[in-house]
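S.K.:
Protein chains: 4
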Amino acid sequence: MAIRVTVWNEGRHEKMDAAVAAVYPHGIHAVIAEGLKEAGYPVRTATLDEPEHGLTDKVLAETDVLTWWGHMAHGDVSDAVVDKVQKRVLNGMGLIVLHSGHLSKIFTRLMGTTCLLKWRDANENERIWIVEPGHPIAEGLPEAINLPKEEMYGERFDIPAPDELVMVSWFKGGEVFRSGCCYKRGSGKVFYFRPGHETYPTYYDANVRRVIANAVRWAAPVAGPVPPLGANVQPLEKLD
Amino acid sequence: MAIRVTVWNEGRHEKMDAAVAAVYPHGIHAVIAEGLKEAGYPVRTATLDEPEHGLTDKVLAETDVLTWWGHMAHGDVSDAVVDKVQKRVLNGMGLIVLHSGHLSKIFTRLMGTTCLLKWRDANENERIWIVEPGHPIAEGLPEAINLPKEEMYGERFDIPAPDELVMVSWFKGGEVFRSGCCYKRGSGKVFYFRPGHETYPTYYDANVRRVIANAVRWAAPVAGPVPPLGANVQPLEKLD
Amino acid sequence: MAIRVTVWNEGRHEKMDAAVAAVYPHGIHAVIAEGLKEAGYPVRTATLDEPEHGLTDKVLAETDVLTWWGHMAHGDVSDAVVDKVQKRVLNGMGLIVLHSGHLSKIFTRLMGTTCLLKWRDANENERIWIVEPGHPIAEGLPEAINLPKEEMYGERFDIPAPDELVMVSWFKGGEVFRSGCCYKRGSGKVFYFRPGHETYPTYYDANVRRVIANAVRWAAPVAGPVPPLGANVQPLEKLD
Amino acid sequence: MAIRVTVWNEGRHEKMDAAVAAVYPHGIHAVIAEGLKEAGYPVRTATLDEPEHGLTDKVLAETDVLTWWGHMAHGDVSDAVVDKVQKRVLNGMGLIVLHSGHLSKIFTRLMGTTCLLKWRDANENERIWIVEPGHPIAEGLPEAINLPKEEMYGERFDIPAPDELVMVSWFKGGEVFRSGCCYKRGSGKVFYFRPGHETYPTYYDANVRRVIANAVRWAAPVAGPVPPLGANVQPLEKLD
Numbered sequence: 076m077a078i079r080v081t082v083w084n085e086g087r088h089e090k091m092d093a094a095v096a097a098v099y100p101h102g103i104h105a106v107i108a109e110g111l112k113e114a115g116y117p118v119r120t121a122t123l124d125e126p127e128h129g130l131t132d133k134v135l136a137e138t139d140v141l142t143w144w145g146h147m148a149h150g151d152v153s154d155a156v157v158d159k160v161q162k163r164v165l166n167g168m169g170l171i172v173l174h175s176g177h178l179s180k181i182f183t184r185l186m187g188t189t190c191l192l193k194w195r196d197a198n199e200n201e202r203i204w205i206v207e208p209g210h211p212i213a214e215g216l217p218e219a220i221n222l223p224k225e226e227m228y229g230e231r232f233d234i235p236a237p238d239e240l241v242m243v244s245w246f247k248g249g250e251v252f253r254s255g256c257c258y259k260r261g262s263g264k265v266f267y268f269r270p271g272h273e274t275y276p277t278y279y280d281a282n283v284r285r286v287i288a289n290a291v292r293w294a295a296p297v298a299g300p301v302p303p304l305g306a307n308v309q310p311l312e313k314l315d
Numbered sequence: 076m077a078i079r080v081t082v083w084n085e086g087r088h089e090k091m092d093a094a095v096a097a098v099y100p101h102g103i104h105a106v107i108a109e110g111l112k113e114a115g116y117p118v119r120t121a122t123l124d125e126p127e128h129g130l131t132d133k134v135l136a137e138t139d140v141l142t143w144w145g146h147m148a149h150g151d152v153s154d155a156v157v158d159k160v161q162k163r164v165l166n167g168m169g170l171i172v173l174h175s176g177h178l179s180k181i182f183t184r185l186m187g188t189t190c191l192l193k194w195r196d197a198n199e200n201e202r203i204w205i206v207e208p209g210h211p212i213a214e215g216l217p218e219a220i221n222l223p224k225e226e227m228y229g230e231r232f233d234i235p236a237p238d239e240l241v242m243v244s245w246f247k248g249g250e251v252f253r254s255g256c257c258y259k260r261g262s263g264k265v266f267y268f269r270p271g272h273e274t275y276p277t278y279y280d281a282n283v284r285r286v287i288a289n290a291v292r293w294a295a296p297v298a299g300p301v302p303p304l305g306a307n308v309q310p311l312e313k314l315d
Numbered sequence: 076m077a078i079r080v081t082v083w084n085e086g087r088h089e090k091m092d093a094a095v096a097a098v099y100p101h102g103i104h105a106v107i108a109e110g111l112k113e114a115g116y117p118v119r120t121a122t123l124d125e126p127e128h129g130l131t132d133k134v135l136a137e138t139d140v141l142t143w144w145g146h147m148a149h150g151d152v153s154d155a156v157v158d159k160v161q162k163r164v165l166n167g168m169g170l171i172v173l174h175s176g177h178l179s180k181i182f183t184r185l186m187g188t189t190c191l192l193k194w195r196d197a198n199e200n201e202r203i204w205i206v207e208p209g210h211p212i213a214e215g216l217p218e219a220i221n222l223p224k225e226e227m228y229g230e231r232f233d234i235p236a237p238d239e240l241v242m243v244s245w246f247k248g249g250e251v252f253r254s255g256c257c258y259k260r261g262s263g264k265v266f267y268f269r270p271g272h273e274t275y276p277t278y279y280d281a282n283v284r285r286v287i288a289n290a291v292r293w294a295a296p297v298a299g300p301v302p303p304l305g306a307n308v309q310p311l312e313k314l315d
Numbered sequence: 076m077a078i079r080v081t082v083w084n085e086g087r088h089e090k091m092d093a094a095v096a097a098v099y100p101h102g103i104h105a106v107i108a109e110g111l112k113e114a115g116y117p118v119r120t121a122t123l124d125e126p127e128h129g130l131t132d133k134v135l136a137e138t139d140v141l142t143w144w145g146h147m148a149h150g151d152v153s154d155a156v157v158d159k160v161q162k163r164v165l166n167g168m169g170l171i172v173l174h175s176g177h178l179s180k181i182f183t184r185l186m187g188t189t190c191l192l193k194w195r196d197a198n199e200n201e202r203i204w205i206v207e208p209g210h211p212i213a214e215g216l217p218e219a220i221n222l223p224k225e226e227m228y229g230e231r232f233d234i235p236a237p238d239e240l241v242m243v244s245w246f247k248g249g250e251v252f253r254s255g256c257c258y259k260r261g262s263g264k265v266f267y268f269r270p271g272h273e274t275y276p277t278y279y280d281a282n283v284r285r286v287i288a289n290a291v292r293w294a295a296p297v298a299g300p301v302p303p304l305g306a307n308v309q310p311l312e313k314l315d
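Rendered as C-alpha cells:
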C-alpha cells in the first residue's frame, strides 16, 4: 500500500523575503512535495496559515509520514496541533524534521532537550558523509553529498544520542554536525535531516531528495502489536 | 568532592493510607535518604507539600543528583518547578526516577513519550536480572535481585530505547520489564529504576539501596565543556 | 526484486536422534524454508555435510539473507567458510542467527564476545514479549508470542548491547532473556532470534515464522554507497 | 583503590625511523605513560619485542586498564597473547585503543568488523569536537581539541556503531571521523581514540592526555556480578 505523505511548511519566509521567493516561488513545501511525488508517493501539503495549520484530524489520520519545515514562527504553531501530531507519532506515524525544524515544538517535545546548536549563515560548503552505508536511508547515495552553499550548523547539537546516526556533516569553516539522526518514539519513527536553509536551492538537489524519499520509506508505520498502555492486567493463566 | 543528593517525595500516600504509613512512618523519602546517607552522601529531602515543593533555586543549585518518587499527585507538581528541574538536568544534574515516577511530569517531559506501561498490584514476586554486569550501576550486586513482594510493571513500557539497559525484571505472573534504564539528556544523566511500590518495604532492601547509591555516583555531574548553545559563531581562524 | 534466502542447518541432530527426527523428519532447514517460501521468498537450503557446507562462492553470491541453525557441531564448520560468510555480511548480506547458533563461529566472530548464556532443557513455557512494537520485525505480531514448551536461555547473555532490542523472553522457571537482537556489522545486518530447540516444534509456529520472515525483509541488503575502505585519499578539491 | 595501567606500544617505528625517534626518543609508550603518571595512575609499560610482548599472565592480572598503540607490526602480535587480552577485557579489564591500533588484532577481534577507514598523511589540521559534553571522558576538556598537525582518518570507519559517541573529528581536507568511541564488551569497556600518528607530538598535548586519563577512569573494572556463563541451571526455587 502506498505511503501517504504530508509535507508541512511554515511558509512565511517565502511571502516576506524576495530572496527566498526567488528560490522557492511556490514555497519550500512545493519543491519538497515535487521530489516526493517523483519518488512515487502520494503527497499533500499543509502550511501554518491554513486553518488548523492544514493538519486537521482527517489529514493526520490519512498521513503515514509527515515532513516538517519551520523556522521563524515556531511559536505560532498551536499547542493543540502539536499535541495531535505527537500522539500520531507515538501511535506510529513517521516524522521527518528538516533543518531549522530542530527548534519546532514537535521536535523539542519528542526529544525532551533544547535541540539548540551553533550556526553561521555564510554561503558555506557542506559535505554530508554517510557513516552507515548499510542503512535504508543510505540507499542510492554516494559516500558524501556535496552542497556548495549552505548555512552551517555545528556541534554541540543538544539532542539525545540518536538511536542510529546515519550522516555527519563537515563544514568548510571548521565544524562538524550529526546531520542524519534516527529515533524511535512510541510506535513511530523520527528522522532529523540537517540541510535546507531557505535561501539555498537545497531541496532541488537530487541526493537531498533521495535522502528524504528514503527516510519516508524507513519511517512508514509498521502494523505491529498495539500494546494496552496503562492497563491494569490479570496474571496470565497457568501456562503449562 | 562529595556528591550532594536531594531525595524528593510526593509524600501523600504516607499521610492518607495507614498501610503505607506502617511501612514508611516518616515517609518514603526518609528511608531512601537513610540508605544514601549510609552510602556516604550528604543528603537532604524535599516533598510536594513544602513551598515550591521544597525545590527552591537554592536547593536545586546545591543538588548534584535528585531522586524522584511520585504517584497519586503528579498533576499537583507545578510546571514552573518542572521547568527548573528540566533545565538543571540538561545542565548536568543527575536524576534518578523511581517506580511510579515513570508518569511524573519531569520524566515524561525528558522522554517525549507517554511512559505508560501495564501493571498489577498483587503481592507478586519480582526478580531483577542484571544484564550488564560491567556497568557502574551493577557494582556490588548479585546477578539478580529478588523482591518477594512487589507490584508488577509489564512491557510494553512506552519509553525511548534506553542508551544503556542495565536490568530486566521477571514477574511471577508472566511479564518482563526493562527495570534499569540509563539516559543522557543534555549534559545530564537520567536513571529509571522500577521497584518501590508504597505498600512494600522495598527501599529497606540492601540491594535496592545499593542500586540507588550506585546510580547517584553514575549520574553525578561531569565538569565537561559548556557548549555555546544557540550561538551565531564566526568561522574558526585559519588553522594551519 | 525478490530477496533470496539461504537456510543453513547443521543437520546432525535430525540424523542421530529419533526424537528430533520425529519433529523434523526432513531436517530443521526444511521447516524453516517452508515458512519462508509461504512468505513469498525464493529459498534454498544448505547443510554442514554438503561440500563446502553448501555455501559455495556461487551460493553466497546469490544469497541476500542467510539464516543459521547449528548446535552440536559448531567446531566442524570450516574457518574458510566462516571467513567468506563474514565477508559477505560485512558487504551487505543479512544474517539471521537462530537459537543455539549463538555459539556458532560466525556469530561469536561478528560479536567479539563469548555469547555464552545459562540454559535449562525442561519443557518449559516461554513468553516472548515485543518491547518495540514499531519495529519492522514486529509487524503482524501479537504483543507476546507464547511457546508452551521450549528450552530456557537466561541472562546474562554475553553479547554486545544490541543496536535495537525488539524482544525479551520470560521463562516460567524464573529467567529473562534478550530474545530478539538487531545489529549492524559493516554494511550488513544481523538478527539473533532465541527460540528453536531441536526437540520442540517451534519452527512450525505461525508467529515464529512471521518473525523470521520479517527479519529477512529487515536484513535484506541496501544498495548504499560502497566506501573505499583502506584507501589513501587526496584532499578534496577546493570546494567553494 | 588506584587504577593500575599498562601502556602497550609496538615500539618499532621509534627504532627504525629517525623522524619518529626525534619526537619520541624513548618510545611513544614513554610519553603516554608520563601523561598517565601525571594524572596519578600507577603505570607500567610493555612492548612488542619483550618476551610475550611484555604481557605475561602476571602483568595482565595486575592490569586494570590497558592502552594499545600499534601500526606496522600488527601481524607480529601472537594470537595467544591476543586470546589472553580478549579474555581479560571480557572479564572486566578496560582497553584504550589508540590511533592506528584500529587495525590491531585485539580491536578488530572485539569489533567483529574490518575497522578499515580512509587516510592521508599530510600534516593536516584536526579539530576534535566533543559531542557529548556530559560524558565522563569529556571532563575538563574545551568544546574542541585543536591539533595543528595530524594524519587524517576519514569515514566510512567500518566499526559497529559505538555504544556512546563522544567525539567527532573535522579535518581541513574535507573529512569527518568518529574519533572517540565507547563500547562495552563482556564485562569490560573499550574506548577508541583517534589521534596519535607517530611523526607528530600528539601525546604531549595536554588535552589529548586528559582524554586518555579520563578514558582510563571510565574504563576501570567494576566489581559487578560474575554471571555463570555457560551453566546448566535449575529452576529457581518456589519464590512466594
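Protein chains in written order, with the working numbering: chain A, 76 to 315; chain B, 76 to 315; chain C, 76 to 315; chain D, 76 to 315.
By construction, the Cβ of each residue, glycine as well, lies at the ideal position given by its N, Cα and C atoms.
#1: Under the DSSP definition of a beta bridge, which residues are partnered with Trp144(D)?
#2: DSSP puts Asn221(D) in a beta bridge; with which residues?
#3: Quick check on Ala94(D): does DSSP put it in helix, strand or coil?
#4: Cα separation between Asn84(B) and Val172(B)?
#5: Taking three-plus beta-carbon pairs below 8 Å as touching, is the segment 237-251 of chain C in contact with the segment 187-205 of chain A?
#6: Which full runs of the alpha helix (DSSP H) of 4+ residues lie inside the segment 108-141 of chain B, going along the chain?
#7: With Arg253(D) as the anchor, note down where its beta strand (DSSP E) starts and where it stops.
#8: Of all the CB atoms in chain D, is at least one closer than 8 Å to the CB of Asp315(B)?
#9: Rounded to whole angstroms, what is the Cα-Cα separation between Pro217(D) and Gly129(A)?
#10: Quickly, what does DSSP pair Phe246(B) with across the bridge? List them, please.
#11: With a cut-off of 8 Å on the beta carbons, I'd call Asn289(C) and Glu214(C) a contact; round off their distance for me.
#12: Are the C-beta atoms of Pro270(D) and some chain A residue less than 8 Å apart?
#13: Can you give me, in chain order, the residues of the segment 213-232 of chain B that have a beta carbon less than 9 Å from any beta carbon in chain D?
#14: In chain order, what residues of the same chain have a beta carbon less than 7 Å from the beta carbon of Ala121(C), not counting five sequence neighbours either side?
#15: The segment 239-258 of chain A: which residues have C-beta closer than 8 Å to a C-beta of chain C, in chain order?
#16: What does Pro208(A) reach in chain D if we use C-beta pairs closer than 8 Å?
#17: Can you find a C-beta in chain D that's less than 8 Å from the C-beta of Arg260(C)?
#18: Does DSSP put Leu185(D) in a helix, a strand or coil?
#19: So is Glu318(B) buried or exposed if we call it buried at 16+ other beta carbons inside 10 Å?
#20: Determine the chain A residues that contact Ala298(C) at a beta-carbon separation under 8 Å, and present them in chain order.
#21: Does Gly150(A) come out as helix, strand or coil in the three-state DSSP assignment?
#22: In chain C, which residues lie less than 7 Å from Gly187(D) when you measure between Cβ atoms?
#23: Note down, in chain order, all residues in the segment 155-178 of chain B with a beta-carbon under 7 Å from any beta-carbon belonging to chain A.
#24: For Lys159(C) and Ser262(D), what's the separation of their Cα atoms in angstroms?
#25: Going by CA-CA distance only, name the one from Leu141(A), Glu225(A), Met186(A) and Arg163(A) that's closest to Glu273(A).
#26: How long is the line joining the alpha carbons of Val308(A) and Gly299(C), rounded to whole angstroms?
#27: If you count every other CB in all the chains shown that lies within 10 Å of the CB of Ala294(B), and 16 or more means buried, which is it?
#28: Please list, in chain order, the residues of the segment 193-206 of chain A that have any C-beta partner in chain B closer than 9 Å.
#29: Return the bridge partner residues of Phe266(D) from the DSSP annotation.
#30: Is the beta carbon of Arg87(B) less than 8 Å from the beta carbon of Leu141(B)?
#31: Distance check for Pro208(D) and Val164(B), CA to CA, integer angstroms please.
#32: Please confirm if Ala236(B) has its CB atom under 8 Å from at least one CB of chain C.
#33: For Glu230(D), is the classification buried or exposed, using 16 other Cβ atoms within 10 angstroms of its Cβ as the cut-off for buried?
#34: In whole angstroms, give me the CA-to-CA distance for Glu199(A) and Pro276(A).
#35: For the 8 Å Cβ check, are there 3 or more pairs between the segment 102-120 of chain C and the segment 146-159 of chain C?
M.R.: In this structure, then:
#1: For Trp144(D), DSSP records a beta bridge to Asn84(D) and Leu173(D).
#2: Partner(s): Arg202(D).
#3: Residue state for Ala94(D) is assigned as helix, using DSSP reduced to three classes.
#4: Answer to the nearest angstrom: the Cα atoms are 11 Å apart.
#5: As far as the Cβ criterion goes, the segment 237-251 of chain C does not touch the segment 187-205 of chain A, which means the pair count is below three.
#6: Counting only runs of 4+ residues, the alpha helix (DSSP H) found wholly inside the segment 108-141 of chain B occupies 132-136, in chain order.
#7: Element bounds for Arg253(D): Val251 to Arg260.
#8: In this prediction, Asp315(B) has a pLDDT of 46, which is less than 50 and means its spatial position is unreliable; what the coordinates show is noted afterwards. Interface criterion met: the Cβ of Asp315(B) is under 8 Å from a Cβ in chain D.
#9: Spanning the two alpha carbons is a distance of roughly 45 Å.
#10: Paired residue(s): Glu201(B).
#11: Yes, Asn289(C) and Glu214(C) are in contact; Cβ-Cβ is about 5 Å, under 8 Å.
#12: Chain A, which has no Cβ nearer than 8 Å to the Cβ of Pro270(D), makes this no.
#13: Answer set for the segment 213-232 of chain B: Ala213, Glu214, Gly215, Leu216, Pro217, Glu218, Ala219, Asn221, Pro223 and Lys224.
#14: These residues qualify, in order along the chain: Thr81, Trp83, His128, Gly129, Leu130 and Val134.
#15: Per Cβ criterion, the list reads Glu239 and Lys247.
#16: Within chain D, the residues placing a beta-carbon under 8 Å from that of Pro208(A) are Arg231, ordered along the chain.
#17: Interface residue, yes.
#18: Three-state DSSP puts Leu185(D) in a helix.
#19: Nothing about residue 318(B) can be read from this structure; chain B reaches only from 76 to 315.
#20: Result: Glu214 and Gly215.
#21: Helix, per DSSP.
#22: In chain order, Arg184, Leu185, Met186, Gly187 and Arg260 make up the part of chain C whose C-beta sits under 7 Å from the C-beta of Gly187(D).
#23: Those residues of the segment 155-178 of chain B that come within reach of chain A (Cβ to Cβ, closer than 7 Å) are Leu165.
#24: Each residue's Cα considered, the two are about 29 Å apart.
#25: Out of Leu141(A), Glu225(A), Met186(A) and Arg163(A), the CA that lies nearest to the CA of Glu273(A) is found in Glu225(A).
#26: Straight through space, the alpha carbons of Gly299(C) and Val308(A) are spaced by roughly 45 Å.
#27: Around the beta carbon of Ala294(B), 16 or more other beta carbons lie within 10 angstroms, which makes this residue buried.
#28: Of all residues in the segment 193-206 of chain A, Lys193, Trp194, Arg195, Asp196, Ala197 and Glu199 have a Cβ within less than 9 Å of some Cβ in chain B.
#29: The partner list for Phe266(D) (beta bridge, DSSP) reads Ile171(D) and Cys257(D).
#30: The criterion of a C-beta distance shorter than 8 Å is not satisfied by Arg87(B) and Leu141(B).
#31: A straight-line Cα-Cα distance of about 13 Å links Val164(B) and Pro208(D).
#32: Ala236(B) counts as touching chain C.
#33: With 16 or more other Cβ atoms within 10 Å, it is buried.
#34: In this structure, the alpha-carbon of Glu199(A) lies about 13 Å from that of Pro276(A).
#35: The segment 102-120 of chain C is not in contact with the segment 146-159 of chain C.
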